[in-house]
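>
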Amino acid sequence: MRLLKFAIALLLTGGLTWLLSNPLQFGEKRFPALGHLFNPFTGFWQNADPVPQGEEDLFRLPGLTAPAEVVYDERMVPHIFAENLRDALAVQGFIVAQHRLWQMDIMARRAAGRLSEVLGPATLEIDRRQRRMGLPYAAEQTLATWQESTLGMELLEAYSDGVNAYLRQLSPKDYPLEYKLMGYGPEAWSPLKTALVMKVMAATLCAREDDLEATNSLEQLGREAFDYLFPEYNPKQTPVIPAGTVWNFGPAADSTDQSGAEGLSGFYRSRPLPKPSEFLGSNNWALAGSKTADGAPILCNDPHLELTLPAIWYEVQLHTPEFNAYGVCLPGVPALMIGFNEQVAWGLTNVGQDVLDW
């Protein structure tokens with residue numbers, strides 16, 4: 009009886025060990041091995057400890073020309089004080105990685121078509137599409153353009169150095185929870201990954217197109233029918249008719265002829281491609297000082313982007329003897345995209361230009 013109990017316990021222990029050590033595959037759905045997650049020394053239990061932030065305000069990262077100071081306000085927004093812009097961006101890379109490392113990683117993987125390396129075959133089609141779109145190639149071309157500027161590359165490398173300084177101090181128990189859930193570790197950061205993150209944002213804002221559907225519809229319908237069914241006009245544009253204009257409006261006859269429509273609509277339904285939301289955009293508003301209470305101009309900028317967790321933006325202040333600005337950055341990208349300094353404020357908006365051709 010004792011031997012039987014021992015054998016059963018041994019089998020159960022072996023089975024549990026195997027389950028915890030190997031990913032499970034059900035069709036295209038892949039579940040990572042849970043051993044990393046439940047490991048008592050490096051698993052999710054370690055993520056219950058509070059992240060040290062604001063306790064060590066003086067940064068002495070490798071490569072800094074002088075110590076830098078980071079002050080967190082009551083909302084835990086970091087205010088970075090450094091002796092020069094290069095040092096400030098290195099500390100920015102360190103701080104942003106401390107709070108958004110996995111977000112940076114997964115955005116770069118998405119643009120590079122490398123999600124399936126960590127998520128399995130369920131994301132293969134996404135990876136193939138990103139590569140067919142040419143996002144990795146576009147990022148490489150962007151990096152080549154950046155390399156024409158010595159100062160620009162110096163600042164990009166400084167940011168990457170800051171991210172990598174944070175990575176070097178991590179052990180597996182310190183990895184963000186997402187890495188433990190998926191059973192992999194972070195990679196070193198580089199300016200190329202910064203370019204990849206920017207291509208994700210570019211695709212989000214400007215990759216809404218109907219090129220494939222339009223091309224196939226043109227081949228099926230012919231030029232005359234296609235031009236009639238799909239005239240060139242902006243569906244969101246309302247025509248302005250001056251007062252006093254005689255408008256001979258004649259409603260079009262109601263047509264019940266649906267011949268051919270079923271095949272065409274079926275093509276659109278059965279061959280969908282993921283597209284950014286049609287509601288993405290932005291608003292910019294400026295008020296002159298003559299219209300404000302304190303006489304100072306006001307700039308209002310509100311990008312219309314998806315609601316994500318974590319958020320798309322990261323709030324931060326960068327201060328040096330020659331430079332002082334406050335605003336938001338895109339995690340993985342140095343400096344500020346939207347913000348203000350003592351003289352000016354700046355924002356950005358999406359014009360929805362057609363920049364994608366298949």
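Heads up: take any position in the sequence shown, counting from 1, add 8, and you land on the working numbering.
The beta-carbon is built from N, C-alpha and C at its ideal position, and this holds for glycine as well.
The structure displayed is predicted, hence computed values, not measured ones.
Output the distance between the C-alpha atoms of Lys283 and Thr212, rounded to the nearest integer angstrom.
8 Å
> Considering only residues of the region 164 to 218, which uninterrupted alpha helix (DSSP H) runs meet the minimum length of 4 residues and lie entirely inside it, listed in chain order?
185 to 190, 199 to 214
> Here's the rule I'm using: 16 or more other beta-carbon atoms within 10 Å means buried, otherwise exposed. How should Val78 be labelled?
Per the 10 Å Cβ criterion, buried.
> Could you pull out every residue in the same chain whose Cβ sits closer than 7 Å to the Cβ of Asp135, ignoring the five residues on either side in sequence?
For Asp135, the CB contacts under 7 Å within the same chain, skipping 5 residues up- and downstream, are Gly121, Arg122, Leu123, Ser124 in chain order.
> Tell me where the alpha helix (DSSP H) around Gln111 begins and ends.
93 to 120
> Give every residue of the same chain whose Cβ lies closer than 6 Å to the Cβ of Gly303, excluding the five residues on either side of it in the sequence, and list them in chain order.
Gly297
> Under 6 Å Cβ to Cβ from Arg117, same chain only, skipping five residues before and after it: list those, please.
Within the same chain, Cβ atoms closer than 6 Å to the Cβ of Arg117 are found at Leu123, the five residues on either side in sequence being excluded.
> Candidates Glu240, Val99, Asn292: which alpha carbon is nearest Ile346's?
Asn292
> Note down, in chain order, each residue of its chain lying with its Cβ closer than 8 Å to the Cβ of Phe348, except the 5 sequence neighbours on either side.
Leu307, Ala333, Tyr334, Gly335, Trp354
> Could you check if Ala105 is buried or exposed, using at least 16 other CB atoms within 10 Å of its CB as the buried criterion?
buried
> Using only the alpha-carbon positions, how far apart do Ser198 and Tyr145 sit?
16 Å
> Quickly, what does DSSP pair Gly289 with across the bridge? List them, please.
Answer is His312.
> According to the Cβ coordinates, are Ile88 and Ile103 closer than 9 Å?
yes
> Considering Cα atoms alone, identify which of Pro75, Leu288, Gly340, Ala203 is closest to Asn358.
Leu288
> Answer yes or no: do Gly170 and Ala74 have a C-beta to C-beta separation smaller than 9 Å?
no
> How far does the beta strand (DSSP E) with Val254 in it extend, from its first residue to its last?
For Val254, there is no enclosing beta strand (DSSP E), as DSSP marks it with neither H nor E.
> Considering Cα atoms alone, identify which of Leu356, Gln325, Phe331, Val352 is closest to Asp81.
Gln325
> Taking only the alpha-carbon atoms, compute the straight-line gap between Phe238 and Gly230 and give it to the nearest angstrom.
12 Å
> Taking Leu200 and Leu151 to be in contact with their CB atoms under 8 Å, please state how far apart those CB atoms are, rounded to whole angstroms.
With 8 Å as the limit, Leu200 and Leu151 qualify as a contact, their Cβ atoms being about 5 Å apart.
> Using only alpha-carbon positions, find the residue among Leu356, Pro339, Leu344, Leu127 that is nearest to Pro311.
Leu356
> If you count every other CB in all the chains shown that lies within 10 Å of the CB of Thr202, and 16 or more means buried, which is it?
Buried is the call here.
> Measuring only the C-alpha atoms, how far is Tyr236 from Ala222?
13 Å
> Pick from Gln361, Asp362, Gln351, Pro339: whose alpha carbon is nearest that of His107?
Pro339
> Look up Trp354 in the DSSP assignment and give the residues it is bridged to.
As a beta-bridge residue in DSSP terms, Trp354 pairs with Gly347.
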